[in-house]
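J.:
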Amino acid sequence: MAGDDGIVLVSDARRAGEGGEFRSDFWARLVHAPDAHGFAATWLDIQCRAFEGVIRGVVVLRASEASAFAPMAVWPEGIEGSPRLAAIAEKALQDRSVAVEGVKRTPRRQDPVFLAHPLIVDDELHGAVALEVEGRSEAAVAELVQRLGWGLGWLEALARRKTFTSKARLVTVLELMATSLSHERFQAAATAVATELATTFGCERVSLGFMKGRHIQVKALSHSASFTKKANLIRALEGAMEEAVDQLATVQYPAPQEGPFQVTRAHAELHQQHAAGAICTIPLTAGERVLGALTLELPPGSEFDARTIELCEHAALLLGPVLDVKRKEDRWIARKVADSMATHLGHLIGPRHIALKLWVAAIAAVIAFFALVEGDYTITADASLEGQVQRAVTAAMQGYVVEARARAGDVVRKGDLLASMDDRDLRLERQRLMSQRAQLESERRAAIAEGNRARSRILEAQGGQISAQTALVDEQILRTRLIAPFDGVIVKGDLSQSLGAAVERGSVLFELAPLDTYRVIMKVDERDITNVSTGQAGRLALSSMPNEEIALVIEKITPVSVVEEGRNYFRVEARAQGAVEKLRPGMEGVGKIYVEERKLLWIWTHKLVHWMRMWVWSWWP
Numbered sequence: 124m125a126g127d128d129g130i131v132l133v134s135d136a137r138r139a140g141e142g143g144e145f146r147s148d149f150w151a152r153l154v155h156a157p158d159a160h161g162f163a164a165t166w167l168d169i170q171c172r173a174f175e176g177v178i179r180g181v182v183v184l185r186a187s188e189a190s191a192f193a194p195m196a197v198w199p200e201g202i203e204g205s206p207r208l209a210a211i212a213e214k215a216l217q218d219r220s221v222a223v224e225g226v227k228r229t230p231r232r233q234d235p236v237f238l239a240h241p242l243i244v245d246d247e248l249h250g251a252v253a254l255e256v257e258g259r260s261e262a263a264v265a266e267l268v269q270r271l272g273w274g275l276g277w278l279e280a281l282a283r284r285k286t287f288t289s290k291a292r293l294v295t296v297l298e299l300m301a302t303s304l305s306h307e308r309f310q311a312a313a314t315a316v317a318t319e320l321a322t323t324f325g326c327e328r329v330s331l332g333f334m335k336g337r338h339i340q341v342k343a344l345s346h347s348a349s350f351t352k353k354a355n356l357i358r359a360l361e362g363a364m365e366e367a368v369d370q371l372a373t374v375q376y377p378a379p380q381e382g383p384f385q386v387t388r389a390h391a392e393l394h395q396q397h398a399a400g401a402i403c404t405i406p407l408t409a410g411e412r413v414l415g416a417l418t419l420e421l422p423p424g425s426e427f428d429a430r431t432i433e434l435c436e437h438a439a440l441l442l443g444p445v446l447d448v449k450r451k452e453d454r455w456i457a458r459k460v461a462d463s464m465a466t467h468l469g470h471l472i473g474p475r476h477i478a479l480k481l482w483v484a485a486i487a488a489v490i491a492f493f494a495l496v497e498g499d500y501t502i503t504a505d506a507s508l509e510g511q512v513q514r515a516v517t518a519a520m521q522g523y524v525v526e527a528r529a530r531a532g533d534v535v536r537k538g539d540l541l542a543s544m545d546d547r548d549l550r551l552e553r554q555r556l557m558s559q560r561a562q563l564e565s566e567r568r569a570a571i572a573e574g575n576r577a578r579s580r581i582l583e584a585q586g587g588q589i590s591a592q593t594a595l596v597d598e599q600i601l602r603t604r605l606i607a608p609f610d611g612v613i614v615k616g617d618l619s620q621s622l623g624a625a626v627e628r629g630s631v632l633f634e635l636a637p638l639d640t641y642r643v644i645m646k647v648d649e650r651d652i653t654n655v656s657t658g659q660a661g662r663l664a665l666s667s668m669p670n671e672e673i674a675l676v677i678e679k680i681t682p683v684s685v686v687e688e689g690r691n692y693f694r695v696e697a698r699a700q701g702a703v704e705k706l707r708p709g710m711e712g713v714g715k716i717y718v719e720e721r722k723l724l725w726i727w728t729h730k731l732v733h734w735m736r737m738w739v740w741s742w743w744p
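Reading the sequence shown from the start, the letters are residues 124 to 744 in the working numbering.
1. Would you list the one or two residues that DSSP bridges to residue 691?
2. What would DSSP say about residue 520, mapped onto helix, strand or coil?
3. My parser needs the beta strand (DSSP E) runs of 3 or more residues fully inside the region 306-382; what are they?
4. Which residue marks the beginning of the alpha helix (DSSP H) containing residue 705, and which one marks its end?
5. Would you mind giving the Cβ-Cβ distance between residue 567 and residue 582, rounded to the nearest angstrom? I have them listed as a contact below 8 Å.
6. Beta carbon of residue 253, beta carbon of residue 297: below 9 Å?
7. Should the region 321-336 be called in touch with the region 410-429, which here means at least 3 C-beta pairs below 8 Å?
8. Using a 10 Å radius around the Cβ and a threshold of 16 neighbouring Cβ atoms, would you call residue 274 buried or exposed?
9. Helix, strand or coil, according to DSSP, for residue 617 in the structure here?
10. Kindly provide the ranges of any alpha helix (DSSP H) runs that are 4 or more residues long and lie completely inside the region 517-557, ordered along the chain.
11. Over what stretch of residues does the alpha helix (DSSP H) that includes residue 578 continue unbroken?
12. Can the beta-carbon of residue 224 be found less than 9 Å from the beta-carbon of residue 238?
13. Given a threshold of 16 other Cβ atoms within 10 Å of its Cβ, counted over all protein chains shown, does residue 346 qualify as buried or as exposed?
14. What residues in its chain sit with their C-beta under 6 Å from that of residue 313, if we drop five residues either side in the sequence?
15. From 448, 607, 554, 203, pick the residue whose C-alpha is nearest to that of residue 596; which is it?
16. Can you round the beta-carbon distance between residue 350 and residue 357 to whole angstroms, since I take them to be within the 8 Å contact cut?
17. Tell me which same chain residues have a C-beta within less than 8 Å of the C-beta of residue 571, skipping the five on either side of it?
18. Over the uninterrupted beta strand (DSSP E) stretch that includes residue 636, give me the two end residues.
19. Using 8 Å as the Cβ pair cut-off and three pairs as the minimum, do the region 493-508 and the region 710-718 touch?
20. Below 9 Å between beta carbons: does that hold for residue 652 and residue 677?
21. Taking only three categories from DSSP, how would you classify residue 144?
22. Whole beta strand (DSSP E) runs in the region 384-417 with 3 or more residues, listed along the chain?
23. Whose CA, out of 649, 670, 664, lies closest to the CA of residue 689?
24. Count the CB pairs spanning the region 603-617 and the region 452-467 that are closer than 8 Å, and state whether there are at least three.
25. What residue does the beta strand (DSSP E) around residue 643 start on, and which one ends it?
26. Determine the burial state of residue 382: buried for a count of at least 16 other Cβ atoms within 10 Å of its Cβ, exposed for fewer.
27. Measure the C-alpha to C-alpha separation of residue 311 and residue 317 and round it to an integer number of angstroms.
28. Contact between the region 721-736 and the region 690-698 is defined here as three or more beta-carbon pairs at a separation below 8 Å; is this criterion met?
29. At the level of alpha carbons, what is the spacing between residue 668 and residue 604?
30. Can you list, in chain order, the residues of its chain with a C-beta nearer than 6 Å to that of residue 321? Leave out the 5 residues immediately preceding and following it.
31. Helix, strand or coil, according to DSSP, for residue 272 in the structure here?
32. Are residue 517 and residue 557 closer than 9 Å when you measure CB to CB?
33. Is the beta carbon of residue 529 less than 9 Å from the beta carbon of residue 636?
34. What is the DSSP secondary structure of residue 443, counted as helix, strand or coil?
35. Grab the span of the alpha helix (DSSP H) containing residue 477 for me, first residue to last.
36. Would a C-beta distance cut-off of 9 Å place residue 376 and residue 390 closer than the cut-off?
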């Protein structure tokens with residue numbers, strides 16, 4: 124789009140020099156350039172003076188198709204070449220794209236930035252422009268690259284025409300481009316350009332039309348801010364424009380005697396019906412794409428000469444892309460989207476663009492595959508292991524811990540000693556009771572010897588009481604030893620750091636879980652809980668055993684939700700099957716519950732669809 128924006132510099136130059144010396148110097152130097160070298164040197168000098176902080180500049184062009192790229196102009200004149208400037212220019216030529224080096228996050232003026240912009244016309248590389256500037260931010264460099272691209276329009280015109288116009292023709296073209304760029308909106312720019320053309324060439328009427336679908340629609344008339352699109356004149360103008368576009372050539376009427384044969388029926392009708400003089404219609408193109416057409420009508424008795432037609436063709440070459448860009452920018456957003464979709468659809472259906480067709484075909488095949496093939500629909504949830512039964516080992520009495528042989532995580536067998544409590548007071552109590560029992564027994568024997576049967580029975584009853592108290596003390600002594608009730612693993616309890624500490628009666632000291640029966644607790648999201656039912660099968664992968672899957676069977680769904688991290692979850696219990704010897708309570712992993720066979724496309728998109736439905740419903744009145 125260098126051709127679109129190349130005259131922005133002219134507009135800037137005009138605005139900057141409307142009251143002074145810059146404009147006079149600008150035109151004088153530009154139009155008096157003797158050849159391509161002089162023009163390139165003048166253009167580079169204007170560009171480098173227009174940009175702030177330029178240190179060096181070079182224009183690299185190719186004199187002919189058979190020659191190699193060589194410096195055509197250097198700024199400032201007489202300065203020695205820079206290896207880095209030459210390298211960045213070569214990089215732009217090789218990559219056929221803008222090249223920038225030296226940009227830093229914290230720019231300093233003494234750290235130069237090197238940039239180069241290639242000159243590409245109709246996909247053909249014609250050269251490059253490279254600048255060395257003072258250090259600046261990335262945004263400033265991007266703006267400088269854009270403005271440099273605008274200025275390349277002049278060199279693009281040079282590459283297209285292979286020669287330079289005379290000073291009068293060049294001034295006319297630049298004036299027209301400046302007029303088109305001085306208006307922000309398309310309609311104002313097109314009308315101003317048409318009026319400028321009519322004034323410059325003494326035309327009775329100048330019309331600009333642009334493609335709309337397969338037909339041309341008149342968009343601007345000289346000296347007319349508005350017009351009726353259904354008028355006979357407008358229809359006749361559109362017919363003449365389409366006639367020239369269909370032939371992809373400039374059409375004149377009356378046709379020159381020595382010119383090629385051309386169809387001029389629509390031009391003849393326009394001439395006869397609206398009493399016009401000579402008519403010339405020039406197609407507006409951008410590369411191989413037709414943008415519209417430009418129709419010029421002279422007063423009766425006037426004719427176009429070859430120099431005027433050539434100048435109009437040069438102007439149309441630059442005006443067409445610029446006005447087309449403005450026209451596209453003035454469209455509604457919906458129209459822009461529709462036109463973009465139509466363009467891509469045309470690329471997809473029409474010739475060429477093989478890569479796009481292959482990508483679309485591949486995407487369509489993938490979508491069709493997932494829309495037709497079914498897969499296992501599973502519900503994924505975080506899972507943890509718990510023992511099927513958990514047994515608490517409590518303190519049978521108040522006392523002190525004197526020994527701890529096991530703690531949480533230890534595997535114990537039935538009858539293993541877990542911990543013991545201080546039993547010295549109980550043993551002393553037992554000795555006292557044993558002494559008292561011996562004394563009562565001796566007294567009972569003495570009473571029997573004396574024949575005192577009543578006293579002997581009383582002493583015998585007192586001895587039985589002492590025996591019962593002794594049995595109670597023995598049981599209490601036995602309970603000071605905390606024994607594992609079954610084979611299992613200790614899931615809670617560690618008294619190794621509490622030796623000598625007092626414990627209250629009924630305090631839970633240990634919790635044990637069996638080694639052969641486990642239940643899996645899964646937290647199922649509330650969006651998926653309706654698809655879960657008892658008896659469903661599933662799989663469990665634990666973090667400690669990611670390569671082994673454990674079969675599950677759903678046994679219970681707790682109808683109570685738990686809020687975690689802003690989401691609601693339901694507690695689902697399942698029974699683990701197989702490989703239980705490797706499991707331990709407290710292990711965590713991911714569980715999957717098999718529901719049924721469903722389409723792969725539905726499996727991957729149902730959560731997004733569910734969210735969108737809820738969002739729409741929440742906002743729907």
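A virtual CB, placed ideally from N, CA and C, is assigned to each residue, including glycine.
T.: The relevant details are as follows:
1. Numbered from 1 along the sequence shown, position 568 holds the residue referred to as residue 691. Bridge partners of residue 691: 686.
2. The residue labelled residue 520 in the question sits at position 397 within the sequence shown. In the structure shown, residue 520 adopts coil according to DSSP, grouped into three states.
3. Runs of the beta strand (DSSP E) inside the region 306-382: 328-335, 338-344, 374-376.
4. Taking the first residue of the sequence shown as 1, we reach residue 705 at position 582. For residue 705, there is no enclosing alpha helix (DSSP H), as DSSP gives it neither H nor E.
5. Start at 1 with the first residue of the sequence shown, and residue 567 comes out as number 444. Start at 1 with the first residue of the sequence shown, and residue 582 comes out as number 459. Confirmed, about 4 Å.
6. By one-based count along the sequence shown, residue 253 stands at place 130. By one-based count along the sequence shown, residue 297 stands at place 174. No, they are not a contact pair.
7. Flag = yes, the region 321-336 and the region 410-429 touch.
8. Taking the first residue of the sequence shown as position 1, residue 274 is located at position 151. The residue is buried, with at least 16 neighbouring Cβ atoms inside 10 Å.
9. Here the question's residue 617 lines up with position 494 in the sequence shown. Strand, per DSSP.
10. For secondary structure counted as the alpha helix (DSSP H) over 4 or more consecutive residues, the region 517-557 holds no complete run.
11. As a position in the sequence shown, residue 578 is number 455, starting the count at 1. First-last of the alpha helix (DSSP H) with residue 578: 576-602.
12. As a first step, residue 224 must be located in the sequence shown, where it is residue number 101. As a first step, residue 238 must be located in the sequence shown, where it is residue number 115. Here residue 224 is near residue 238, since their CB atoms are less than 9 Å apart.
13. Translated into positions along the sequence shown, residue 346 becomes position 223. Within 10 angstroms of the beta-carbon of residue 346 lie fewer than 16 other beta-carbons, which makes it exposed.
14. The residue given as residue 313 occupies position 190 in the sequence shown. Setting aside the 5 residues that flank it on each side, residue 313 is surrounded in the same chain by 331, 342, 343, 446, each with a C-beta closer than 6 Å to its C-beta; the list follows chain order.
15. For this step, residue 596 is matched to residue 473 along the sequence shown. Checking every option, the nearest Cα to that of residue 596 belongs to 554.
16. Start at 1 with the first residue of the sequence shown, and residue 350 comes out as number 227. Start at 1 with the first residue of the sequence shown, and residue 357 comes out as number 234. 7 Å between Cβ atoms; contact.
17. Residue 571 sits at position 448 when you count from the first residue of the sequence shown. Counting only residues of its own chain and dropping the five nearest sequence neighbours on each side, residue 571 has a CB closer than 8 Å to the CB of 579.
18. Here the question's residue 636 lines up with position 513 in the sequence shown. Residue 636: member of the beta strand (DSSP E) spanning 631-637, first to last residue.
19. Enough Cβ pairs lie closer than 8 Å, so yes.
20. The residue labelled residue 652 in the question sits at position 529 within the sequence shown. The residue labelled residue 677 in the question sits at position 554 within the sequence shown. Not in contact: residue 652 and residue 677 (Cβ atoms no closer than 9 Å).
21. For the purposes of this step, residue 144 is taken as residue 21 along the sequence shown, with counting starting at 1. Confidence at residue 144 is low in this model, with a pLDDT of 43, below 50, so the placement of that residue should be treated as unreliable; the coordinate-derived value is given next. Helix.
22. Listed in chain order, they are 402-409.
23. As a working note, residue 689 is residue 566 in the sequence shown. That would be 649, whose Cα lies nearest to the Cα of residue 689.
24. Counting Cβ pairs under 8 Å, fewer than three are found: no touch.
25. Within the sequence shown, numbered from 1, the residue matching residue 643 stands at position 520. 641-648 is the extent of the beta strand (DSSP E) around residue 643.
26. Numbered from its first residue, the sequence shown carries residue 382 at position 259. Residue burial is scored here from C-beta neighbours: residue 382 has fewer than 16 other C-beta atoms within 10 angstroms and is therefore classed as exposed.
27. Taking the sequence shown and counting its residues from 1, the one referred to as residue 311 is at position 188. Taking the sequence shown and counting its residues from 1, the one referred to as residue 317 is at position 194. Rounded to whole angstroms, residue 311 and residue 317 show a C-alpha spacing of 10 Å.
28. Between the region 721-736 and the region 690-698, the count of C-beta pairs closer than 8 Å stays below three; the two stretches do not touch.
29. Indexing the sequence shown from 1 puts residue 668 at position 545. Indexing the sequence shown from 1 puts residue 604 at position 481. Roughly 37 Å separates the two Cα atoms.
30. Position 198 of the sequence shown, counted from the first residue, corresponds to residue 321. If we look at residue 321 and ignore the five residues flanking it on each side, its Cβ neighbours are 329, 345.
31. Here residue 272 refers to the residue found at position 149 when the sequence shown is read from its first residue. Residue 272: helix per DSSP, three-state reduction.
32. Residue 517 sits at position 394 when you count from the first residue of the sequence shown. Residue 557 sits at position 434 when you count from the first residue of the sequence shown. In this structure, residue 557 does not lie closer than 9 Å to residue 517 by Cβ.
33. Position 406 of the sequence shown, counting from 1, holds the residue named residue 529. Position 513 of the sequence shown, counting from 1, holds the residue named residue 636. No; because the gap between Cβ atoms is not below 9 Å, this pair is not in contact.
34. On the sequence shown, position 320 is the one that residue 443 refers to. Helix.
35. The sequence position of residue 477 within the sequence shown is 354, counting from 1. Residue 477 -> alpha helix (DSSP H) spans 477-495.
36. Along the sequence shown, one-based indexing puts residue 376 at 253. Along the sequence shown, one-based indexing puts residue 390 at 267. Yes. Within cutoff.
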